[in-house]
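J.: The structure under discussion is supplied below as structure tokens; questions concerning it will follow.
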Amino acid sequence: MIKAGISLAALLLVSGCTVHQSIGHNFGSFMGAPDGADFVGTGHMCKRNQSAFIYVYRPPTEWSMDELEAPSFNVNGERLFNIKGGGYTWYELEPGEYDLVIRRGLFGFEGIESFEIHRLSDISFTAQSGQIYYWRYSEIDPAPITPDLEGLPLGDGPLQLVSPQLAYKEMTQTRMLDDGMEKLAALQPETDEELQQVFEGQLSEEDDSGSWWWPF
């Protein structure tokens, strides 16, 4: 089944389609629980270089630890890792805009183009210099609303922005995932030239659709 999924993904990539997949990285904690380092804060690094940091973690629950297939965590259109139960990771962020998307697929295949098997979370947020953000993922145990986070996006579905106090308490029960500890670039605003190309492409499509006809 895995070989079939890889073959399908390769075929679609060759055809030019955008394929959402995490084949080979999609196994959940039931197949292999996180066994990396215990949680250690990176606040001193954040203050030193004025980047932002995000922590992403998933508390160990019966549901998350018995999971066969873990959902993928995507930032700005790129899959970074699959979030297993009882796992955490962190990334350094260039200050700016970020899109966070979590998808759940089937045997690692998650969708093609705009079609997706299941999009669980979709969040846009602004990372500010010197800040640390704690994102908690749990499908059955939602995080409590935290008053001191008022004014920030609280999340979407199972992915929630939580307070450092809650994160520190729960992350002591997690282990580091294999992926992480990298620096990510923020979304870049579209240039005037790129916007013009999009506009001209839309006009071209409209012209083509208006000139096509079928005589019978």
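Residue numbering for the sequence shown follows full-length UniProt numbering, beginning at 1 and increasing consecutively.
Glycine included, every Cβ here is placed at the ideal spot set by N, Cα and C.
Just so we're clear, the structure is a prediction, and the values are computed from it rather than from any experiment.
1. Where Leu-13 and Leu-93 are concerned, what is the direct C-alpha to C-alpha distance, given to the nearest angstrom?
2. Between the segment 115-135 and the segment 27-40, are three or more C-beta pairs nearer than 8 Å?
3. Between Thr-174 and Gly-41, is the Cβ-Cβ spacing less than 8 Å?
4. How far does the beta strand (DSSP E) with Leu-161 in it extend, from its first residue to its last?
5. DSSP state of Gln-165, grouped into three classes?
6. Could you give the distance in angstroms between the alpha-carbon of Gly-5 and the alpha-carbon of Phe-27?
7. Excluding sequence positions up to five away, which residues of its chain have a Cβ less than 6 Å from the Cβ of Ser-72?
8. Would you decide whether Lys-169 is buried or exposed? Buried here means 16 or more other CB atoms lie within 10 Å of its CB.
9. Evaluate Asn-49 with the Cβ neighbour count: other Cβ atoms within 10 Å of its Cβ, from every protein chain shown; 16 or more gives buried, anything less gives exposed.
10. By the three-class DSSP mapping on this structure, what secondary structure does Glu-116 have?
11. My assumption, with CB atoms under 8 Å, is that Ile-54 sits in contact with Tyr-91. Please give the rounded CB distance.
12. Which of helix, strand or coil does DSSP assign to Met-171?
13. With DSSP collapsed to three states, give me the class of Ser-64.
14. Could you give the distance in angstroms between the alpha-carbon of Met-65 and the alpha-carbon of Pro-189?
T.: According to the structure shown:
1. With a pLDDT of 48 at Leu-13, under the threshold of 50, the predicted position of this residue should be treated as unreliable, though the coordinate-derived value follows. Straight-line Cα distance between these residues: approximately 29 Å.
2. no
3. no
4. 159-162
5. helix
6. Here Gly-5 scores only 48 on pLDDT, less than 50, and its place in the model should not be relied on; the value that follows carries that caveat. Spanning the two alpha carbons is a distance of roughly 14 Å.
7. Ser-22, Arg-79, Asn-82, Arg-103
8. exposed
9. exposed
10. strand
11. 5 Å
12. helix
13. helix
14. 39 Å
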